[in-house]
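Below is one structure, written out as structure tokens; comments come after it.
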Amino acid sequence: MTSSRLSTGGRIDRSTVLKMTFDGRSIVGHPGDTLASALLANDENVIARSFKYHRARGIYTAGVEEPNALVQLRYGARTEPNTPATTVMAYEGLEAFGQNAWPNVRLDVGVVNQLLSPFMSAGFYYKTFVGPFKGTGFWMLCEKIIRQAAGMGRGVTLDDPDTYEKVNAFCDVLVIGSGPAGLSAALAAGRAGAKVILVEQDSTLGGSLLSAPVGGDGDAWLDKMKAELTAMDNVQILTRSTVFGAYEQNVYGVIERVWDHVLAPPAHQPRQRYWQIRTKQAVMATGAIERNMVFGGNDKPGVMLASAARTYVNRFAVLPGRRVVVATNNDSAYAAALDLANAGSSVTLVDARTQVPEKLLDSLKASGVKVLLGHGVLTAKGRGGVSAATVTTISPDGRATGTARHIPCDLLAVSGGWSPVVHLWSQRGNKPVFNSAKACFVPVNSAIETMKCAGASMAADGSVVAVAQGFSAGATAAIDVKAKNSSGDAPIAPKVSHGDDWGRDLLSINTITDDNGKTRGKAFIDLQHDIKQSDIDLAYREGYVSVEHLKRYTTTGMATDQGKLSNFNALSQMAMLQGVPISDVGTTVFRPPYTPIALGAIVGREHGTHFRPTRLTPLHDWHVNNGAIVSEAGAWMRPQYYPERGEGLREAYIREASHVRKHVGMIDVSTLGKIAVQGPDSAEFLNRVYVNGWKMLPVGRLRYGVMLREDGIVMDDGATARLGEHDYFMSTTTANAAKVLALGEHLLQTAWKDLKVHLTTITDQWAVIAVAGPKSRDLLGAVSSGADLSRDALPNNHFVHGEIAGVTVRIHRMSYSGELAYEVYIPSGFGHHVWDALISAGVPYNLCPYGTEAMGALRIEKGHVAGPELDGRTTMKDLGLEGLASGKKPFVGSVLRNRPVLIHQSRPCLVGLEIEGDQGAQAGSLLYLDTGPTEGHGEGWVSSATYSPALGKNIALSLLQNGPERLGETIRVVNFVGGTRQRAKVVSPHFFDPSGVRQND
Amino acid sequence: MLRIKCPICGLRDETEFTYGADAIVRRPDMDETNPQDWLNYVFYRDDPKGPHKEYWHHVQGCRQWLVLERNTLSHEIGACRLAREVPK
Amino acid sequence: MSNYSAFSIFRHALSGNKNWSRAWRDPDPKPSYDVLIVGGGGHGLATAYYLAKEHDIRNVAVIEKGWLGGGNTGRNTTIVRSNYMMPGNTMFYERSMKLWENLSQDLNFNVMLSQRGQYNLCHSPGQMDAARRRGNVMRANGIDAELFDRDEVRRRLPYLDYSDNCRFPVHGAIFQSRAGTARHDAVAWGYARAADKQGVDIIQQCEVVGYLWEDGKIIGVETTKGPIRAGKVGLAVAGHTGHLASKAGLRLPIETHALQAFVSEPLKPLIDTVISFGAAHFYISQSDKGGLVMGGDLEGYNSYAQLGGLPIVEHALGSAKALIPSLSRLRLLRQWAGVMDMSMDGSPIIAKTPVEGLYLNGGWCYGGFKATPASGWCFAWTIAKDEPHEDNCEFTLNRFEHGYQIDEKGMGPQPNAH
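Protein chains in written order, with this note's numbering: chain A, 3 to 1003; chain B, 4 to 91; chain C, 76 to 493.
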């Protein structure tokens, strides 16, 4: 094939020359070119290699359906494999590379695979590679080689330097596609006053009109439409934007390629923008995609869709061939033949039909096109590219009836009919129906009330009908959204060349065979995946006849083009083999995205630290500024420890925990969930959600409570204070705050509607500082005023208001550490201020902040349960909390907690372990009898472990079968994955100060 | 994406809500002690293919629990009411 | 029917691949069978295969309303693993793994089990502790498991995000080296072909519309191809279990939810293992064809529609980029959805039902694919012997009444949380 840039014409800007490279070779193009048109203009014919056989492939189409010309675009961190050259706009400095080939696409040694093609028929890998031995070893050896050969382009492991953003948009009418139908729809809806968004995947509006010769009636029509549309404030136009998915309730996903058509996006500009469009109505005017025909060598460089050849001539002023054979079964290719001839090619048109209107023939004859009716192309000949077409007379079912003859050519332009782009309509769960006259699947326009289909996507009879359909769809959509104005009269359709009604008198054959019904040579259905007609035949023979089996067994339609070109030919072959109409075969399911979309675009800015929101307490800055190591606790960041002088975690938490027991420490516990429970029935509400009783709790007191799930498993624990007659302040664990609130609201709004209670989350309204240690009363007494903190005035589980550094605070006396301890509740905005005041006042008391790790050590010493014990599977009995449950009243979970397995004697229950030796135990270790095998699930497991500074021992909490009856027993603690086996003594979980002398001091 | 017409806040994206459960199952009265009633409430579902009444929580809005009618096969959405206004 | 081998491929290639025979027959239903399995997915076909092979019950039919493997067998993320912690689950999934390891030979069909290992990442000390417990249970039961710290994970998976910009830094991972992926469709086809060879009738395009009853017992099914009598009827219709059980008057601890999966454009090898994110429900592997296969969270609401929405697309792709930032420019090729039986504790049911003549296999949640061989094996046992095998004895229908919840995640009776 020799092709070149025409000296005139085209929708390109010849005043600017763009320098680009392909596989290191220079090519030049102009603004308006695609990479594909520039490659053709620079006589680059072999662009890619196919998936399986590594056959040389050129440019087959001019659009998103391109199966062949995939390139690795750009390099380094910006590289994008598998990019269709037909969808890349030319830009200065563009660098593209061939892929899936070694050493390069021109000379690919992988081509030897073709010799093996008889052994690589559909599904061959299911039948072999199993190997002579048991197990998966042999297959995995083969797989390694297969995987290297598979894949297409190369991904990178470098971070994406570009940014993406997301837009939420709302409109009345979304118009998808800007060909004659789409523009007319947008016009009708826009004139009516509806808020319209018009989306076009191409770089400019016009759709099929852009493929017509420059200066025709279509151009004038397009200019007029554009002028009227752009003048309307209520019409927004998005080009270079693809509607990739249609989702329920009229939500559409769109990717706008904002700065993909340049070397790199300008500073602070996104590469792509993800639009989530919520509309009331949509008009699908997505056009149709031409199909190829199936014959031997139909994949060679130089074979191209007829419509694509016409697009290259007219839109890009590139002559894709000088000697051209056009093969068709319908009218549409006549325009291509005519335009190619007018551009200087010598053209032979081979039409499978025997009857064609004189008008069509006359126009071709006038331009010197030879026409062969009742003929078909049996094979494309040539090495590396097409050098001749073997043409023969054929019967109406596509079988050769005469002797074949060679027609030399460097371009074989084919049209096997058209497939409407029904994807978006079908993605909503609809099956398209078969239109046998036009041999294509079309949408059922009434299936989705809020989506109207128009134009070629409905297989409209040419532009005149497309304009009428589009206008009517737009006008009706506007009425449906109650737009105020009239849409006026429909525009007069542009006069376009012959053959825009491709469905007229189409002869529905797609495969040209010899007189035995066999294709000659390799005849491809799915070009990218190298699925031949014989593969479809084999699938049929083996019983893989359902379309889904066909697809999955042969992999036809599963390549990056998702079968836009090939699906119909695969289906029609299967229909032929089964002897049923194609409508009985049906289509596979259309799934989003319509064309592949970059992950990063959907993610937008929600990556890195912004992947999920981060919750920070009001004291967070202090922790960071004072050297705390912070760690994740769900969405929160919490100080884990405050290392001093190069301490590690272990040294730091041991120091901090000992300090609390000796002096006084303080920890930020603002992350605790806090819920205001208010209203006259609050006590009754608490009585129902907590296992223990709440009716007698006086104002000024607080109480620890435990909540169960509806199924009787422990859900959460925490303290609730009674602030006033009808006003309670509930705290939950950090992890369960949202769950507890949602459950409470659910019960109050669905089952307990008679209770007058309102719940409000106030987690973020309060900073909370726990002050713990023997000197905590002294410190707080010194720093606060207005509160009597004396032992008698403020015993455990009481609270009092006071003032610290000018801020009114609430001081709860309660202990988690087992020391004399308080929780200071401070309005969030003053949290930092009060913390600072405590730090300053704490100097004489040797105050030290401590982190979650030390807190964990302190609570384990006390045998308090936390997250690891409340794992969603444990009961109150398991955790030794059974005594809390009231027997006098029902509560959430009170019936189901008594199911037999949940109260069974042998359940693992909470005990303490004292680990023998110097080494601590690891949480997650399993427990076994001291003597006996260490296999199976064991007698229990270690839930939490720490070194106890107070005891000078390594201790752990664990759940052990019959635990409370086994105190004193020695058991085995096995950490298989850590390779350690230890012995431990079973003890009470209340390791330290079991009678609570210290906290009640 | 589902869009739900909250009676208080108006039409909002699914992402503002969390799904609760089947709204047909009725929570037994607090003093019900028959385990079977509680099992039916907590564990067993009709799981219909078609029209379904279900609880949604407008968790990032008014925090009301809603009873939504929705078809589990077509995802078509029907009436949406405040749970507290739906009779037991 | 020809045996598959390298030699048969060679021989058939020489004759132009013209002489391959059907992989399975396409019979009309007989009026009556000893056992009728409803559901021609992996589980149903495997059940039929093991009924014939292990129990010599060959007068068996599998009926399928659509095409074989068209349910969740054909729309999952193909992961195979046996890393379960709860008694009742652990040995069942290990039985499955052992069957998997020789399945290609057993079926004479390459199901392409690739034991490339699976990492469950941990992002907090608490997750590391939970992973340690799981790993220990596995090891104590003879299943391979290793616990890696951050440095070891980094050495093995250098492309994860280890930067300061990472929202949920990797603390470590639990790894099962025998885990991996298999070719999902091949599992259905392989079982179908092998069952057919044993004499099982596989009947596609045949939908059950009701049951045949006699004296309160189920004695067959009414189908779109007419009534078919059967001594025993087994349901293996995950995603539609509730629907078909309700026709038999059963209310189940199951809800049906939609789950999406995603595949990217094909790339040369990039990820040679299976990785599960610990900070969000997300997992990723690379298929032999080169596409990155990704799975995410449930839609969250009951659904029988095989459709997915944008919020979960955003969730899954967001997780992908959070886990491996360099995937940003990679393109998504296809998203799809399947409908899952989500049970109330996240674990399945393989049991006789209270309705005589009816046996149930369902409630697989996300876990059905990896369970396929053991599910079929144990269901066949249960049907043949009228009692469960040791490995499925806890997968009862009435375990919730006893309080025996097999809750791996500890999420409680909330189907969309498992």
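For every residue, glycine included, the Cβ atom is placed at its ideal position computed from N, Cα and C.
Per DSSP, C/Q489 lies in no alpha helix (DSSP H) and is assigned neither H nor E.
Flagged as an interface residue toward chain A: C/G485, by a C-beta distance shorter than 8 angstroms. In the structure shown, the three-state DSSP call for C/H87 is helix. Close to chain B, meaning a Cβ-Cβ distance shorter than 7 angstroms, are the following residues of the segment 240 to 252 of chain A: Y249, E250, Q251. Under the rule that a run must span 4 or more residues, the alpha helix (DSSP H) segments found entirely inside the segment 156 to 228 of chain C read 165 to 176, 178 to 182, 200 to 215.
A/E747 belongs to the set of residues whose beta carbon lies under 8 angstroms from a beta carbon in chain B.
For C/D226, the closest of C/D219, C/D236, C/I218, C/G217 by C-alpha to C-alpha distance is C/D236. Residues N183 of the same chain have their beta carbon placed closer than 8 angstroms to that of C/N78, with the five preceding and five following residues left out of the count.
For A/R663 and A/E916, the gap between their C-alpha atoms comes out near 20 angstroms. At a C-beta separation below 9 angstroms, B/E57 has these neighbours in chain C: Y376, N377. In the same chain as C/S90, and ignoring 5 residues on each side of it, no C-beta atom comes closer than 8 angstroms to its own. Counting along the chain, no alpha helix (DSSP H) covers C/R406; the unbroken beta strand (DSSP E) around it starts and ends at 406 to 418.
Taking C-alpha positions only, C/L408 is separated from A/P598 by approximately 5 angstroms. Secondary structure at A/Y930: strand, using DSSP grouped into helix, strand and coil. Here the C-alpha atom of C/I218 lies approximately 7 angstroms from the C-alpha atom of C/E169. Looking at A/L725, A/L931, A/H939, A/R711, the one whose alpha-carbon comes closest to that of A/L872 is A/R711.
Neighbours of C/G141 in chain B, taken as residues whose beta carbon is under 9 angstroms from its own, are absent, since the nearest beta carbon is some 15 angstroms off. With respect to the C-alpha of A/I533, the residue from A/N300, A/T762, A/R317 having the closest C-alpha is A/N300. About 12 angstroms separates the Cβ atoms of C/A397 and C/M369, ruling out a contact at the 8 angstroms cut-off. Cβ contact annotation for A/L374 (same chain, cutoff 6 angstroms, sequence separation greater than five): V352, in chain order.
At a cut-off of 8 angstroms, the C-beta of A/Q150 has a neighbouring C-beta in chain C.
Membership of A/S842 in the alpha helix (DSSP H) is indicated by the continuous run 833 to 844. The beta carbon of A/V113 lies closer than 6 angstroms to those of H56 in the same chain, with the five residues before and after it left out. Where C/A121 is concerned, there is no enclosing beta strand (DSSP E), although the alpha helix (DSSP H) around it starts and stops at 117 to 130. Among the residues of chain B, those whose CB is under 7 angstroms from the CB of A/P892 are M33, D34, following chain order. Contact with chain C is found for B/E17, since one of that chain's Cβ atoms lies less than 8 angstroms from the residue's Cβ. Distances from the CA of A/T159 to each of A/A925, A/R703, A/E82 were compared; the closest alpha carbon is that of A/E82. The beta carbon of C/K292 lies closer than 8 angstroms to those of V430, E431, G432 in the same chain, with the five residues before and after it left out.
Collapsing the DSSP output to three states places A/S684 in a helix. Checking the DSSP bridge columns, you'll see A/G247 partnered with A/G255. Under the DSSP definition of a beta bridge, C/N467 lacks any partner.
The straight-line gap separating the alpha-carbon atoms of A/M709 and C/A426 is approximately 33 angstroms. It is roughly 10 angstroms from the alpha-carbon of A/A659 to the alpha-carbon of A/Y643. In this structure, C/I387 is the residue among C/I387, C/G115, C/K307, C/F337 with its C-alpha nearest to the C-alpha of C/E374. Within chain A, the C-beta atoms nearer than 8 angstroms to that of B/P38 come from V897, L898, N900, R901, in chain order.
When Cβ pairs closer than 8 angstroms are counted between the two stretches, the segment 106 to 125 of chain C is seen to touch the segment 300 to 309 of chain C, the count reaching three or more.
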